[in-house]
Structures are given as structure tokens and as C-alpha cells.
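Following: one structure in C-alpha cells, then a few remarks.
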Amino acid sequence: MSVSGSESALWRGRSVPSFRETAASNTRGVVPTRDEIAVELAVARARTAVVPALTTYDLRAYYGSTEILHGVNLAFPYRQVTAIIGPSGCGKSTLLRCLNRMHELTPGASVKGRVLLGNQDIYAPDVDPVALRRKIGMVFQRPNPFPTMSIFDNVAAALRWHRVVRRHELADRVEQALRMAALWDEVKDRLHENALGLSGGQQQRLCIARALAIEPEILLMDEPASALDPISTGHIEELIVQLRSRYTVLIVTHNMQQAARISDYTAFMLMGELIEFSPTATLFTNPSDSRTEAYVTGRFG
Amino acid sequence: MKDVSVFTPAGRLLSSGLVSAVYRRRRLMDLLMTGLAGLAVLVAVVPLFSILISVAIRGLSALNLDFFTKMPVPIGETGGGVLNAIVGSGILVGLGTLIGLPIGLLSAIYLAEYGRGRLADTIRLFTEVMSGVPSIVVGIFAYAIVVRPLHHFSALAGGVALGILMIPVVTRTAEEMIRMVPQSLREAGLALGLPRWRVTVSIVLPSAASGIVTGAMLAVARIAGETAPLLFTALNNAFFSTSLLRPIASLPVQIYTYATSPYEELHRIAWGAVFVLVMMVLITNLLTRLAVRSGYEMKR
Amino acid sequence: MAIERADPDPVRSEQPAVVQSLPGPYVRSRRRSRSLGDRIFEGVTTGFGMIILLIVVAMVVALGWEAWPAIRRFGLGFLTGREWNYVDQFGALPYVWGTVYSSFLALAMALPISLGVAIFLAEMAPLPVRTVLSFLVELLAAIPSVVYGLWGMFVLVPLVRQLELWLFLHAHFIPLFSGPPIGFGMLSAATVLAIMIIPTIASVSRDVLLAVPASQREAALALGATRWEAIKVALSNAVPGIIGATLLGLGRALGETMAVTMVIGNIGSISISLFQPAYSMAALIANEFSEATTNLHVAALIEVGLLLLMVTLVLNLFSRLLVRRVAITGAGSHVKG
Numbered sequence: 001m002s003v004s005g006s007e008s009a010l011w012r013g014r015s016v017p018s019f020r021e022t023a024a025s026n027t028r029g030v031v032p033t034r035d036e037i038a039v040e041l042a043v044a045r046a047r048t049a050v051v052p053a054l055t056t057y058d059l060r061a062y063y064g065s066t067e068i069l070h071g072v073n074l075a076f077p078y079r080q081v082t083a084i085i086g087p088s089g090c091g092k093s094t095l096l097r098c099l100n101r102m103h104e105l106t107p108g109a110s111v112k113g114r115v116l117l118g119n120q121d122i123y124a125p126d127v128d129p130v131a132l133r134r135k136i137g138m139v140f141q142r143p144n145p146f147p148t149m150s151i152f153d154n155v156a157a158a159l160r161w162h163r164v165v166r167r168h169e170l171a172d173r174v175e176q177a178l179r180m181a182a183l184w185d186e187v188k189d190r191l192h193e194n195a196l197g198l199s200g201g202q203q204q205r206l207c208i209a210r211a212l213a214i215e216p217e218i219l220l221m222d223e224p225a226s227a228l229d230p231i232s233t234g235h236i237e238e239l240i241v242q243l244r245s246r247y248t249v250l251i252v253t254h255n256m257q258q259a260a261r262i263s264d265y266t267a268f269m270l271m272g273e274l275i276e277f278s279p280t281a282t283l284f285t286n287p288s289d290s291r292t293e294a295y296v297t298g299r300f301g
Numbered sequence: 302m303k304d305v306s307v308f309t310p311a312g313r314l315l316s317s318g319l320v321s322a323v324y325r326r327r328r329l330m331d332l333l334m335t336g337l338a339g340l341a342v343l344v345a346v347v348p349l350f351s352i353l354i355s356v357a358i359r360g361l362s363a364l365n366l367d368f369f370t371k372m373p374v375p376i377g378e379t380g381g382g383v384l385n386a387i388v389g390s391g392i393l394v395g396l397g398t399l400i401g402l403p404i405g406l407l408s409a410i411y412l413a414e415y416g417r418g419r420l421a422d423t424i425r426l427f428t429e430v431m432s433g434v435p436s437i438v439v440g441i442f443a444y445a446i447v448v449r450p451l452h453h454f455s456a457l458a459g460g461v462a463l464g465i466l467m468i469p470v471v472t473r474t475a476e477e478m479i480r481m482v483p484q485s486l487r488e489a490g491l492a493l494g495l496p497r498w499r500v501t502v503s504i505v506l507p508s509a510a511s512g513i514v515t516g517a518m519l520a521v522a523r524i525a526g527e528t529a530p531l532l533f534t535a536l537n538n539a540f541f542s543t544s545l546l547r548p549i550a551s552l553p554v555q556i557y558t559y560a561t562s563p564y565e566e567l568h569r570i571a572w573g574a575v576f577v578l579v580m581m582v583l584i585t586n587l588l589t590r591l592a593v594r595s596g597y598e599m600k601r
Numbered sequence: 602m603a604i605e606r607a608d609p610d611p612v613r614s615e616q617p618a619v620v621q622s623l624p625g626p627y628v629r630s631r632r633r634s635r636s637l638g639d640r641i642f643e644g645v646t647t648g649f650g651m652i653i654l655l656i657v658v659a660m661v662v663a664l665g666w667e668a669w670p671a672i673r674r675f676g677l678g679f680l681t682g683r684e685w686n687y688v689d690q691f692g693a694l695p696y697v698w699g700t701v702y703s704s705f706l707a708l709a710m711a712l713p714i715s716l717g718v719a720i721f722l723a724e725m726a727p728l729p730v731r732t733v734l735s736f737l738v739e740l741l742a743a744i745p746s747v748v749y750g751l752w753g754m755f756v757l758v759p760l761v762r763q764l765e766l767w768l769f770l771h772a773h774f775i776p777l778f779s780g781p782p783i784g785f786g787m788l789s790a791a792t793v794l795a796i797m798i799i800p801t802i803a804s805v806s807r808d809v810l811l812a813v814p815a816s817q818r819e820a821a822l823a824l825g826a827t828r829w830e831a832i833k834v835a836l837s838n839a840v841p842g843i844i845g846a847t848l849l850g851l852g853r854a855l856g857e858t859m860a861v862t863m864v865i866g867n868i869g870s871i872s873i874s875l876f877q878p879a880y881s882m883a884a885l886i887a888n889e890f891s892e893a894t895t896n897l898h899v900a901a902l903i904e905v906g907l908l909l910l911m912v913t914l915v916l917n918l919f920s921r922l923l924v925r926r927v928a929i930t931g932a933g934s935h936v937k938g
């Protein structure tokens, strides 16, 4: 049945995407459908061949007439964690915000170039940014739970907007998302309390759960642990490593150790340009660019 | 298998042509609410234009040199002006400014330069609360503290009422303007060895002057249009008077009296007087807006 | 789509309500030894600041003092009495009714429009449009009430009369639309009031919305919310402040004098009808005060004023505190480039 045993076991162990629920409730039981097999095949190929999930071509971002990104060409590998590092002001957050079209929301900001999600240009005129952002979730630097909602409602908010699940499934989906964000055990007894009662780290995991609940393909994280204490940071890092099997994760971080610990690939940026993109181990131990070396060895930045 | 796209690295559901009914409904809701908000703006602005247009049409035709230079004529005759009301308004507003401006400005200096802690917060709150007190109540207050002791209506009482009304307006705008002065300017002054009060008087206030002046003009424009507090303080006067201790005419009260009279000719003059008031408000508001903008540029 | 948070909006500064409790620029150096000049200057300015406190307190005391004969004579009956005979009976109920009914009608009309304006200004309009519209809304607030009164009498009332005639002919069986369709009355008064309080509610609500951190909208948008859904999130954050803005508008409507006096008809009556001429507390004071002869009459009028003062004081205090609360909790705003 399975092309890759471990892959499949992982999927059975955590039941999230709805197509698997369909499979589970299928009267044919364990016999996989043709679609299921096709998908698993595709996934397995993706894992071994480094298929890009998101590709940028000559991506340029502007604030007014100032160019902040000077033509970035990058292919973010499918279902891998890619870290984007660089000194502050190098444009790494802007790059991230270009990928789910949040950058253009800032007044005066604009974007040139192409970003492909799979084979679709997300800046094509017929692409609706609202639909896009459902596919590309984002977690921000500071935890920003909705203060007027309970923990449950925070996670359920987007599900309700998108009406992706029926009402009676809502609780299940919220629980799944919270479990995936490793928050369930801590909040299951107080789901209907205000989200602001959580600690900073819990709030951030809540925000991650909120983003995961609508099952995006890609998760963008903008320094998700920079406002947190070391223990919470550890939780978030563990979480990212686990998410890797199911999501393409892009994480901006100023913390090189963090990038080295959790990412498969690392992109190093400097002054709005991509300097180097390599597997993480290579970038940190054997960088091909002298500027990368200078940065990772702490000589500047 | 509707969710297959989740597992293929292709965003097939992105194009708007393929979106679901739910999404179309959400988009429609978005459009609808945007439309409603735009409609609300239209509804809110229509009366403004109606007022401006009717004031321009009816008011402008009533204006001529006589309007500004002649006294009112007896009912039945045409022509005549509102000289006494214009002079009266000038005196009342002058008095009000004399009372309201110093209090407003000095308390603004206190709030902006020293204001912290419970006292300052309370004063700020009271300033805001005071600007919400109905002007007619301020009129009663002026009546109680000026008309009662003097036993007759007077320009002075009207001036006091207007002055009290002016205080919160001046305080709020002036505090804002003083706060806009960059901290670096204050530090420069202190670094030169100036005591703080000299820094405030010689550096901060001149830097904020244009803003404060336009803020004061805004306040003047506001009290110049006040009617209710004058009704039983300055009362009205059919004759020319400049005495502070006697009742005095004023444009807003004249407008009210004329408007509620049954005579066409007086209505015409009321529209003329309204035109004058509205122009004053329009110009001061435009100036204030310009000053605020330059204030922001200064801050950058 | 625009989240316009990063730019300084020239309009906001004119409404210091939201950006209040900043420490003074000199806070850090305050405790150092200071020269005599400094101490005098601070003392003098503080003294002038305290004049403001004094005036508000003095207002309550003076009005209470002047109204005392009426308070002692009628007690609570002043509020429930319907008789106002200028000699020995002063019951303010018809005027209280006129004030409260007209104000709430005005609020019902103004609130949806004001919210629409606030949302449009804070969340939707591009900067140039926002600047122009904000100016227009401010202008609406700055026009003297006697101008609204004149406009109401000669432009609005004839229109309202047309409407009332039509409604009277076609819907007079509904209690709201019974009564004489003459134009001067509750409907005209409420409409003028609504127009006058729209700028108050709209501009304070806009400021409150602008004080909601951009991160709230970003969070919603990043989850694939439409702009309206993101606005709803921002609105839910701003609820206390919007309630405050509404109370502020209510306070303004309750105390408005000239415009109401000129269109409400000035006949004391208690009726649910929109067409019925009525009388408001402020209008009563405006019309009778300078002609009141007996001490009791003056005291009764001042007591009406005292009621207005107390109600608006409480409303304003409450609403300002609510608006401030949003301003303070909304202080974590941040957009990272």
C-alpha cells in the first residue's frame, strides 16, 4: 500500500487533512483509494526530489520609490523548513510579506516580479489575495490573538469565515489544530476563557494553531519566537520541526542557532539581496560566499 | 476529492473563476459593506453641501456694503444692516478671547510640559468633559456669576460665557501643538544652559506658535457662532452700544431673532449674517488644517 | 485594500482624546533641583490648569445654589410633573420627554451613518480621500448651531413637511405618523440633531478604530479574511470606544439648544408621534430665561439647566474613560518592514 512506510504511519497517527477523514470513514476501511495512492506517491516524490513549493522570480519590493528587495530569485522546497536569516533591515520580513501579499497592504508599498505557488503566479491579476492567504498562512513576530475572542473562537474564527467545516465538526477541527500546535493539553479545560489569559508562548502557539486550523499549504513565520522566553522558544522550535512533515515552513529569524537547529535550508540575505541559499548544514559550515561566512561566523550583523 | 489541491504544490483554487459559493458570498458581503460605508459617507455629506449651497445662494444676495455699515431699519423698510451686531459680536468675542485664551494656553503649557500624574490626568479629563457641557448651561453659569451680582444683563456676562466655552478648545489644540515640538529642540535649549521655563517661553512656544494661533482662531470661530449662552447674558440690543455693562447685540442672536420673526426682509438679513459666520468657520478650518500639516512636517 | 497604519494622519492630532496620557517631555529631569523661575513658571501654569477644575466644580455649585428654591419646593416631583404654569407649578416632564425622545431618535439615525463614515475613513478610504472627507466631517462639526437652525427652518422643515404629508395620508394609522403634519416637530428636530452629532460620533469612532493595532487586522487578513471580516475584528476591539463615542454624541444631542429650538415647534407635549411639535429642556431655557420674572420660575429653569449639566457631565466622563481605555489597550501597534 504505501510507498513510504514512515510517511504513511505518520499520516495515520495524526488525522488532520479532511481527505484522510474521508478515507477513515470509508467503508472500504484500510484499502486506500486511487486518489490516496496518487497523492502519497506525489508526496513521496516531493520529499526526495526537492520540488519547489514556492518560487520567486526577480522579486522586487518597494516602499514608495525606495526598492527594498532587489530582485530575489528563490525556490522554497516543498515540505521543508527554510530559514531566512540576515541582519535587521535586510528585507527578510519584507520578502516574507511579499509571499502572501501582505506587503502591498502597507500604504505606498508595491511589488514587482513573480511568485509562483506551484505553477501559479500569485501576483497574476485573477488571483484574489484573500483566497491566496488561506493557502499561505502567517504567524507574526508578536503573538496577536484576537483579544475579544475566547481561545476556542480564536482558532475557530477563520474556520467560520471560510465555512470549511460544518458546525458539529468545528470542535474537532479546533481540537486538532490545538493538538498540532502542542497546546491542547494546556488549554483544553479553559477553551472558552479569553485568549489574553495565556502566556506569551501559549499565545504564539495559539496563533500557530489558528493558522493551521484552515490547513494552509505553506506557513510563513516572521520571527515567531523573538518575543518569547527561552522555554517558549523551545516549544515553538519543536513544533516547527514537527510541522515540517506536513507543511512547507518559511521562517524568518535573526537567531542563527535557531536557524541551524530547525531548518533544512537556509537563505542568507543582505541589504535586500539574496546572497546564498543552501542546505542549512552547508550554509553554516561551508558557505560559498564570503559575506555569508562573515555573517555566520559573527563578524558582522 | 476536494482537498487534493492541498497536497499538490499547485494553488489551483486561487483563481477567482474557481472559487466556491461560500467564498463568493463572502466577497459579496465585503462589497456590500464597502458600498454601505460609502453610502453612509454620502448621506453624511449631503446636508453639509445643502447648507453650504443654501447659505451661498440666500446669503450672498443679502450682502452689500450697507449690511456691514448700517444699523437695522424699522420693520417695513428695506435695506439697513447689522452694524451693531457685528460690532457687538466683535466686542463679545474679544472679551471671550481675553478670558479664554490665557487660561486655555497656560493650562495647555502645564499639560504639555509638566503634565503627568493624577492632577494632570484629572485636568485633561475635565477639559474634555468641559467641552461637552451644553453651551446653554455655560450661559446659565455666566448668568449666575455675573448677571446676578450686577443685577442686569451685560456684554461682560456674554464675554465670560464665551470665554469659558473657549477654554477647553484652546487647551486641547494648544497642548497638541506644543507636544508636536520635537524633543531635540528642548534638549538643545537645555544644553545651552537655559532654565526650563526659558526653553518653554523662548524655544517651544515660538516653534508651536503657528499651530497655537490657528488653534486659537478655531476657538474664536467656535465662540463667534455661539448663540445660546448669549440669550440671557449679553441679551440683545436694538441700538448701537459698546458698553461692557449694558446688553449688547451679536450676530448669532440677531440671526435667531430675525429667523424666528415673521418678516421676509429680516429672514434675508439672517441669511446674510449666516453667510458671514459660515465663511469664518470655513476659512479658520482650512487654515487649521494647513497648520496641522506643517506641524507634522516639523515633527519629522 | 489598505491598512493605513504607518502614516501619521494629520487629522488624528486634532482629536487628542485618544492620545492622551503621555508623560510630559520633562518628566525625567523633574526631580532635579530647579531654579526659582522654573518653580514659579510651573506653579503659575499649574494654577491655570486648576482653574479648569475650579470652573467645572463652580458650575455645579452655582447652578445647584440658584436652583435650590425649585429643588426644595418640588423635589423629585419636578421630574414627574406635567404642569408648567409660570406661577407656582413647575413640572419638567414634557421637556424631559422632548429632550430624551428627540435625542434618542437622532442617535438611531446618526449611529449607523456615523459608523459607516468612521469605517470608511479608518479602514477603506485611500489617504487623499480620507483627508478631504475628514475635513468635510470636521466642517460639519464646526458650523454654528444657529446656522443649522436657520437651515432647518427654511430648507429642512419644508422637506419634512412634504414627507409628513405623504405619510399622514398613507400611514396615519401608525401611531408614529399620527399628529399634525406641519414640519415643525419631533422629526425635524431629530433629523437636525442627527446631522449635528454625526461628526462627533464619526470622528471619535474613527480615532478609536485607528487606535486598534494593525496586528489585529494583519492577523485576520493572513488567515484569509476578507477586508470586511478584518474590519469586524477591528470593530470588536473598538466596541468600548464606539460606545463612548455614541455617549458623547448623545451628550451633544441632549444639550443642543438653538437648532432644536428653531425646528421642534416649542409646544410641551408627550407623544410618541414623530409629527407632534414638542419642547426640549434646552429650548425651554432659551425661550423663557430672559423673560422669567419670578424667582421660582428662574430657579425652575436653572434646575432644568442643572439636570442637563449633570447628565452631560456623567455621559462625558463615562464616554471619555471608555475612549481612553481603547486608546491604552490599543497601544501595542506595530508593523515590521
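Residue numbers (the numbering used here), protein chains in the order written: chain A, 1 to 301; chain B, 302 to 601; chain C, 602 to 938. We put the CB at the ideal spot given by N, CA and C, even for glycine. Every value quoted in this text rests on a predicted model; they were computed, and no experiment measured them.
Rounded separation between residue i and residue j - CA only
{"i": "A:A211", "j": "A:I151", "result": "13 Å"}
{"i": "C:R631", "j": "B:Y411", "result": "At C:R631 the pLDDT is 47, less than 50, meaning the model places this residue with poor confidence and gives no usable figure here."}
{"i": "B:S553", "j": "B:G360", "result": "The sequence shown places Pro at residue 553 of chain B, rather than the Ser named in the question. Rounded to whole angstroms, B:P553 to B:G360 spans 14 Å at the Cα level."}
{"i": "C:I844", "j": "C:S920", "result": "7 Å"}
{"i": "C:G784", "j": "B:S508", "result": "52 Å"}
{"i": "A:S88", "j": "B:V394", "result": "56 Å"}
{"i": "C:M787", "j": "C:M710", "result": "13 Å"}
{"i": "B:V344", "j": "C:V793", "result": "13 Å"}
{"i": "A:I218", "j": "A:V155", "result": "17 Å"}
{"i": "A:G86", "j": "A:R142", "result": "19 Å"}
{"i": "B:I424", "j": "A:E175", "result": "50 Å"}
{"i": "C:L654", "j": "C:I903", "result": "21 Å"}
{"i": "B:I479", "j": "B:I513", "result": "8 Å"}
{"i": "B:V448", "j": "C:M725", "result": "51 Å"}
{"i": "C:A707", "j": "C:L848", "result": "12 Å"}
Integer-rounded CB distance, given that residue j should sit under 8 Å from residue i
{"i": "C:T939", "j": "C:R731", "result": "Here chain C covers residues 602 to 938 and nothing more, so residue 939 of chain C does not appear."}
{"i": "C:P825", "j": "A:H70", "result": "For the sequence presented, residue 825 of chain C should be read as Gly rather than Pro. Actually they are not in contact, since the Cβ atoms of C:G825 and A:H70 sit about 30 Å apart, beyond 8 Å."}
{"i": "A:G113", "j": "A:Y57", "result": "6 Å"}
{"i": "B:T474", "j": "B:G516", "result": "3 Å"}
Proximity below 9 Å, CB of residue i to CB of residue j
{"i": "B:A357", "j": "B:I437", "result": "no"}
{"i": "B:L546", "j": "B:A456", "result": "yes"}
{"i": "A:M138", "j": "A:M269", "result": "no"}
{"i": "A:G201", "j": "A:I231", "result": "yes"}
{"i": "C:G780", "j": "C:Q877", "result": "yes"}
{"i": "B:I602", "j": "B:N537", "result": "Since the first residue of chain B shown is 302 and the last is 601, residue 602 of chain B is not available in this structure."}
{"i": "C:L851", "j": "C:S703", "result": "no"}
Residues that DSSP places opposite residue i in a beta bridge
{"i": "A:E67", "result": "A:Y62"}
{"i": "A:V81", "result": "A:V249"}
{"i": "A:Q120", "result": "A:L117"}
{"i": "A:A75", "result": "A:T55"}
{"i": "A:D222", "result": "A:V252"}
{"i": "A:E237", "result": "A:E237 is not bridged to any residue."}
{"i": "A:T266", "result": "A:A83, A:S278"}
Exercise for the section: Scan the stretch 393 to 420 of chain B for residues whose Cβ lies nearer than 9 Å to a Cβ of chain A and list them as they occur along the chain. Expected result: none
Handout entry: Chain-ordered residues of the stretch 811 to 841 of chain C with a beta carbon less than 7 Å from chain A
Key = S816, Q817, E819, A820, L822, A823, L824, G825, A826, T827, E830, V834, S837, N838
Practice task
Can you give me, in chain order, the residues of the stretch 710 to 741 of chain C that have a beta carbon less than 9 Å from any beta carbon in chain A?
Solution key: Residues P727, L728.
Practice task
Select from the stretch 431 to 451 of chain B all residues with a C-beta closer than 9 Å to any C-beta belonging to chain C, and list them in chain order.
Solution key: M431, S432, G433, V434, P435, S436, I437, V438, V439, G440, I441, F442, Y444, A445, I446, R449
Handout entry: Short-range partners of chain A found in the stretch 321 to 350 of chain B, where Cβ spacing is below 9 Å
Key = S321, V323, Y324, R326, R327, R328, D331
Problem - Contact residues within the stretch 156 to 170 of chain A, judged by C-beta distance below 9 Å to chain B - result: W161, H162, R163, V164
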